[in-house]
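Enquirer: Residue numbers (my numbering), protein chains in the order written: chain A, 1 to 211; chain B, 1 to 211.
Ideal Cβ placement from N, Cα and C applies to all residues, glycine included.
The following block contains the structure, expressed as structure tokens.
Protein chains: 2
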Amino acid sequence: MSKTQNTTPDRNTEEAILQAAKRVFTRKGFAAARMEDIATEAGINRALLHYYFRSKEKMFERVFEENMSHFYGSFISILNAPAPLDMRIRNLVNAEIDMLLANPDVPLFILTEISRNPDMIKSKMEKMPVREFMMIFVSSLRTEMQKGTIRQIEPVHVLMSLMSLCIFPFIGKPMFLTVSGMPPEQFESLMQSRKKVVADIILQMLKPEQA
Amino acid sequence: MSKTQNTTPDRNTEEAILQAAKRVFTRKGFAAARMEDIATEAGINRALLHYYFRSKEKMFERVFEENMSHFYGSFISILNAPAPLDMRIRNLVNAEIDMLLANPDVPLFILTEISRNPDMIKSKMEKMPVREFMMIFVSSLRTEMQKGTIRQIEPVHVLMSLMSLCIFPFIGKPMFLTVSGMPPEQFESLMQSRKKVVADIILQMLKPEQA
DNA sequence: CATTGGTTTAACAAAATTGTTAAACAATGA
DNA sequence: TCATTGTTTAACAATTTTGTTAAACCAATG
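Below, the structure is given as structure tokens:
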């Protein structure tokens with residue numbers, strides 16, 4: 001919110017509200033988030049939320065779309081870059097984990113909302129080039145298999161493993177910290193070391209059999 | 001609900017309500033679940049829910065505890081069994097994936113509720129022997145490392161990978177099906193084939209270096 | 001310095017959701 | 001068959017949450 005009032009629509013206020021909404025929705029999900037929470041987070045009162053965004057649903061849509069971009073955005077560009085497969089995988093894992101460190105609550109948010117409103121995904125998904133990404137990835141694997149440079153393996157298991165290994169630790173973080181007794185500050189450095197671990201696992205999966 | 005009314009408290013009705021509550025809470029989470037939804041699912045009306053369980057919170061607690069047992073239950077017994085490490089890992093993965101096939105919505109439910117109410121976990125967790133499980137697992141890995149039968153590797157990464165590879169596909173299922181275009185009926189058989197894939201990955205992680 | 005126009009708010013209204021109660025009901029046993 | 005007792009419900013009350021509005025406010029401009 002701007003302390004100094006303007007005669008033109010206040011982009012800053014709108015943006016500040018949207019960012020507050022993003023924080024609250026992303027942490028709590030649609031159903032548990034209260035308009036009051038968002039107003040407080042933005043430092044204003046509820047009526048103003050409706051002035052800028054007519055309803056809770058409309059605000060949520062904006063937040064969902066932004067988070068969707070974060071979630072899928074990191075994939076896109078990397079696998080197009082012309083580089084050896086192993087480097088592309090290492091780059092992908094690094095970018096993905098960096099994105100997750102910057103947006104740790106996004107995966108649980110996205111997957112929860114999708115599970116609970118599966119129809120939403122259909123429409124939103126079409127705006128995102130996710131399927132293209134999948135196809136590119138799968139077909140580069142198949143090409144390498146033909147050449148015999150990697151092992152015969154279902155590409156779907158490779159992709160599923162890659163995503164699982166990167167994303168799950170962030171979804172399971174609170175449980176993991178409690179169970180392990182690890183101090184929260186240490187989590188980031190664990191994820192940094194995890195970049196190499198994950199990439200190594202995936203490349204090991206692909207390595208031609210030898211014994 | 002029982003069609004025939006009794007003069008003694010009706011265990012069946014109570015149980016039927018609890019099962020209905022479990023289905024609804026597990027699919028929608030606490031905040032999005034409506035008492036009305038649960039009543040409808042159980043084939044009765046709302047007042048009866050309060051007759052058996054005073055409040056939404058109390059019903060939820062029962063459901064949460066049951067789901068918590070499912071979530072952690074499969075781990076416990078297996079790693080105690082005296083068998084070679086590789087067999088114990090294969091058994092663990094098989095049991096875990098079987099549990100998930102029977103309760104596909106449980107992980108997202110548990111992790112969502114824990115994220116949004118981290119305090120709850122502290123108290124509930126103490127009733128579950130999860131930490132013990134972790135300790136057993138970690139120390140058996142360390143023992144093998146001492147003996148040189150497995151590679152030097154952070155046990156925490158092994159455990160984290162194991163859980164990620166098993167659990168994440170169920171959390172990401174709706175997204176995954178949409179993105180891949182795979183028909184839902186095929187998901188179960190994918191998970192069956194995944195048992196071997198996951199166990200192989202973990203054992204590969206542990207195999208002494210050789211190249 | 002008064003008017004103008006966007007901005008902000010407090011107070012209010014409407015809707016959705018949870019929780020309560022008094023009375024009807026159905027099976028059992030006297 | 002009638003009274004008893006646990007079961008079930010419809011109607012109601014309370015609370016929580018979302019959405020609306022009229023009026024106050026403030027900066028810019030003439």
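Name the residue from Met205/A, Met175/A, Glu188/A whose alpha carbon lies nearest to the alpha carbon of Leu108/B.
Expert: Of the listed residues, the one whose Cα sits closest to Leu108/B is Met175/A.
Enquirer: Please confirm whether Leu203/A has its beta-carbon closer than 8 angstroms to some beta-carbon of chain B.
Expert: Output row for Leu203/A: interface = no.
Enquirer: Enumerate in chain order the residues of its own chain whose CB-to-CB distance from Met1/A is below 7 angstroms, with the five nearest sequence positions on each side excluded.
Expert: Summary for Met1/A: the model assigns pLDDT 38, below 50, so the residue's position carries little reliability, and this model does not support an answer.
Enquirer: Quick one, which residues of the segment 102-135 of chain A are near chain B if we go by CB-CB under 9 angstroms, in chain order?
Expert: Answer set for the segment 102-135 of chain A: Asp105, Pro107, Leu108, Ile110, Leu111, Thr112, Ile114, Ser115, Arg116, Pro118, Ile121, Lys122, Met125, Val130, Arg131, Phe133, Met134.
Enquirer: Taking the continuous alpha helix (DSSP H) assigned at Asp200/A, which residues delimit it?
Expert: Its alpha helix (DSSP H) spans residues 185-206.
Enquirer: I'd like to know whether the C-beta atoms of Met128/A and Gly172/B end up nearer to each other than 8 angstroms.
Expert: No, Cβ-Cβ distance for Met128/A and Gly172/B is not below 8 angstroms.
Enquirer: Does chain A have any CB closer than 8 angstroms to the CB of Phe168/B?
Expert: So yes, Phe168/B belongs to the interface.
Enquirer: Distance cutoff 8 angstroms, beta carbons only. Does Arg194/A sit that close to anything in chain B?
Expert: Yes, its Cβ sits closer than 8 angstroms to a Cβ of chain B.
Enquirer: So, does the segment 148-156 of chain A touch the segment 189-209 of chain A, judging by three or more C-beta pairs under 8 angstroms?
Expert: The answer is yes - the segment 189-209 of chain A touches the segment 148-156 of chain A, with three or more Cβ pairs under 8 angstroms.
Enquirer: Given that Ala31/B touches chain A, what residues does it touch there, using C-beta distances under 9 angstroms?
Expert: Per Cβ cutoff of 9 angstroms: Lys28, Gly29, Phe30, Ala31, Ala32, Ala33.
Enquirer: Give the secondary structure of Arg54/B by DSSP, where H, G and I count as helix, E and B as strand, and everything else as coil.
Expert: Note: Arg54/B maps to coil in three-state DSSP.
Enquirer: My assumption, with CB atoms under 8 angstroms, is that Leu85/A sits in contact with Cys166/A. Please give the rounded CB distance.
Expert: Not really, about 17 angstroms apart at Cβ, beyond 8 angstroms.
Enquirer: Report the rounded CA-to-CA distance for Thr8/A versus Ser180/B, giving the unit in angstroms.
Expert: Here the model assigns Thr8/A a pLDDT of 49, short of 50, so the residue's position is not dependable and the matter cannot be decided.
Enquirer: Just verifying my parser: in three-state terms, what is the DSSP assignment at Gly172/A?
Expert: The answer is coil: DSSP assigns Gly172/A none of H, G, I, E or B.
Enquirer: Excluding sequence positions up to five away, which residues of its chain have a Cβ less than 7 angstroms from the Cβ of Glu36/A?
Expert: Closer than 7 angstroms at the Cβ level, and outside the excluded window around Glu36/A, lie Arg46.
Enquirer: Measuring CA to CA, which of Ile38/A, Ala83/A, Lys56/A, Ser69/A is closest to Phe137/A?
Expert: Among Ile38/A, Ala83/A, Lys56/A, Ser69/A, the Cα nearest to that of Phe137/A is on Ala83/A.
Enquirer: Can you give me the C-alpha to C-alpha distance between Ser140/A and Ser161/B, rounded to a whole angstrom?
Expert: Between Ser140/A and Ser161/B, the C-alpha separation is close to 25 angstroms.
Enquirer: Would you mind telling me which residues of chain B sit closer than 9 angstroms to Pro82/A, beta carbon to beta carbon, in chain order?
Expert: Here the premise fails: no neighbours, minimum Cβ distance about 24 angstroms.
Enquirer: How many Å lie between Thr40/B and Glu113/A at the Cα?
Expert: Their backbone Cα atoms lie some 23 angstroms apart in a straight line.
Enquirer: Applying the criterion that 16 or more other CB atoms from any shown protein chain within 10 Å of the CB defines a buried residue, is Thr143/A buried or exposed?
Expert: By the neighbour-count rule (16 or more Cβ atoms within 10 Å), Thr143/A is not buried but exposed.
Enquirer: Out of Ala32/A, Thr178/A, Met120/A, Lys28/A, point me to the one whose CA is closest to Val130/B's CA.
Expert: Out of Ala32/A, Thr178/A, Met120/A, Lys28/A, Thr178/A has the C-alpha closest to the C-alpha of Val130/B.
Enquirer: Are any of the Cβ atoms in chain A nearer than 8 angstroms to that of Gly172/B?
Expert: So, interface residue.
Enquirer: In the DSSP assignment, find the unbroken alpha helix (DSSP H) run with Glu209/A in it and report its ends.
Expert: Counting along the chain, Glu209/A falls outside any alpha helix (DSSP H), and DSSP gives it neither H nor E.
Enquirer: Starting from the C-beta of Lys122/A, find all residues in its chain whose C-beta is less than 7 angstroms away, skip the five residues before and the five after it, and write them out in chain order.
Expert: Nothing listed; no residue qualifies.
Enquirer: In whole angstroms, what is the alpha-carbon distance linking Phe53/A and Arg62/A?
Expert: Each residue's alpha carbon lies about 10 angstroms from the other.
Enquirer: Once you ignore the five residues that flank Gly29/B on each side, which residues in its own chain have a CB closer than 8 angstroms to its CB?
Expert: Contacts found: Phe109, Thr112, Glu113.
Enquirer: Any idea if Asn67/B is buried or exposed, counting beta-carbon neighbours within 10 angstroms, 16 or more meaning buried?
Expert: Label assigned to Asn67/B: buried.
Enquirer: Just verifying my parser: in three-state terms, what is the DSSP assignment at Asp105/B?
Expert: Asp105/B falls in the coil class under three-state DSSP.
Enquirer: For Thr8/B, which of helix, strand or coil comes out of DSSP?
Expert: Confidence at Thr8/B is low in this model, with a pLDDT of 47, below 50, so the placement of that residue should be treated as unreliable; the coordinate-derived value is given next. In the structure shown, Thr8/B sits in coil (DSSP, three-state: anything other than H, G, I, E or B).
Enquirer: Starting from Thr40/B, trace the alpha helix (DSSP H) in both directions and tell me its first and last residue.
Expert: First-last of the alpha helix (DSSP H) with Thr40/B: 35-42.
Enquirer: What residues from chain B crowd round Met175/A, counting only those whose CB sits closer than 8 angstroms?
Expert: Ile110, Leu111, Ile114, Ile121, listed in chain order.
Enquirer: Under 8 angstroms by Cβ, that's how I've got Arg116/B and Ala32/A pegged, so tell me the actual separation to the nearest angstrom.
Expert: Confirmed, about 6 angstroms.
Enquirer: Expressed to the nearest angstrom, what Euclidean distance is found between the alpha-carbon atoms of Val106/B and Tyr72/B?
Expert: Looking at the two C-alpha atoms, the distance is approximately 11 angstroms.
Enquirer: Can you say whether Gln5/B is buried or exposed, counting buried as having 16 or more other CB atoms within 10 angstroms of its CB?
Expert: For Gln5/B, the predicted model reports a pLDDT of 45, less than 50, meaning its position is unreliable; a value from the coordinates is still stated below. Exposed, because fewer than 16 other Cβ atoms sit within 10 Å of the Cβ of Gln5/B.
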